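For reference, the structure is listed below as C-alpha cells.
Numbering (my numbering), first residue to last: 5 to 120.
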C-alpha cells in the first residue's frame, strides 16, 4: 500500500504564500499521478492540481497562475507552492495518489487559512 502525509499548512494573510509538501511512502512504484484537492468550509471537495510521472500538469481554473505543483522523484514528494493567496483559498488541502493501486490513496489533510 501507499501512505501520504501532508504538511506545510497554516495561517497566512491575503496575498501571502505557503508551500505544502506531501511525501509518499510504501509501494511508491505503483504511483502514476500525484495531486491535490481541497475542501473549504461548507463546500464539496474540489480538484486543485495534479502532476503525472510523464510530467503532464493540470490546474483548476481558480488557481492557474497562482499555484505551482512540482515533484521530487528522489524524495517521492509532491509540492504545492501557493502564491497570492485569497480568503477563498481557505480549505483543508488533501494530497492524493493514483496509479496501479486498489483505490485512490488520500492523505489526512492539512489546514490552510487565509485571513487578515
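The C-beta atom is built at its ideal place from N, Cα and C for all residues, glycine as well.
Treat the numbers as computed from the prediction; the structure is a model and nothing was measured.
Figure out for me which residue from 31, 47, 69 has the closest Cα to the Cα of residue 104.
Locating residue 104 in the chain shown gives position 100, counting from the first residue. The candidate whose alpha carbon is nearest that of residue 104 is 31.
Look up residue 78 in the DSSP assignment and say whether it is helix, strand or coil.
Residue mapping note: residue 78 aligns to position 74 of the chain shown, counting from 1. Helix at residue 78.
Residues in the same chain with beta-carbon distance under 7 Å from residue 109, minus the five sequence neighbours each way, listed in chain order, please.
For the purposes of this step, residue 109 is identified with residue 105 of the chain shown, where counting begins at 1. Around residue 109: 6, 8, 100, 101.
Is residue 31 close to chain D? Criterion is C-beta to C-beta, closer than 9 Å.
Structure shown: chain D not included; a single protein chain is present.
Check this for me: beta carbons of residue 96 and residue 17, under 9 Å apart or not?
Residue mapping note: residue 96 aligns to position 92 of the chain shown, counting from 1. Residue mapping note: residue 17 aligns to position 13 of the chain shown, counting from 1. In this structure, residue 17 does not lie closer than 9 Å to residue 96 by Cβ.
Collapsed DSSP secondary structure at residue 33 in the structure displayed
In the chain shown, residue 33 corresponds to position 29, counting from 1. Reduced to three states, the DSSP call for residue 33 is helix.
Determine whether the beta carbon atoms of residue 40 and residue 21 lie at a separation below 9 Å.
On the chain shown, residue 40 is found 36 positions in, with the first residue counted as 1. On the chain shown, residue 21 is found 17 positions in, with the first residue counted as 1. In this structure, residue 21 does not lie closer than 9 Å to residue 40 by Cβ.
Look at the alpha carbon of residue 56 and the alpha carbon of residue 67, and state the distance between them as a whole number of angstroms.
Translated into positions along the chain shown, residue 56 becomes position 52. Translated into positions along the chain shown, residue 67 becomes position 63. When rounded, the distance between both Cα atoms is 18 Å.
Quick one, which of 29, 11, 47 has its alpha-carbon nearest residue 78's?
As a first step, residue 78 must be located in the chain shown, where it is residue number 74. When only C-alpha atoms are compared, the closest one is 29.
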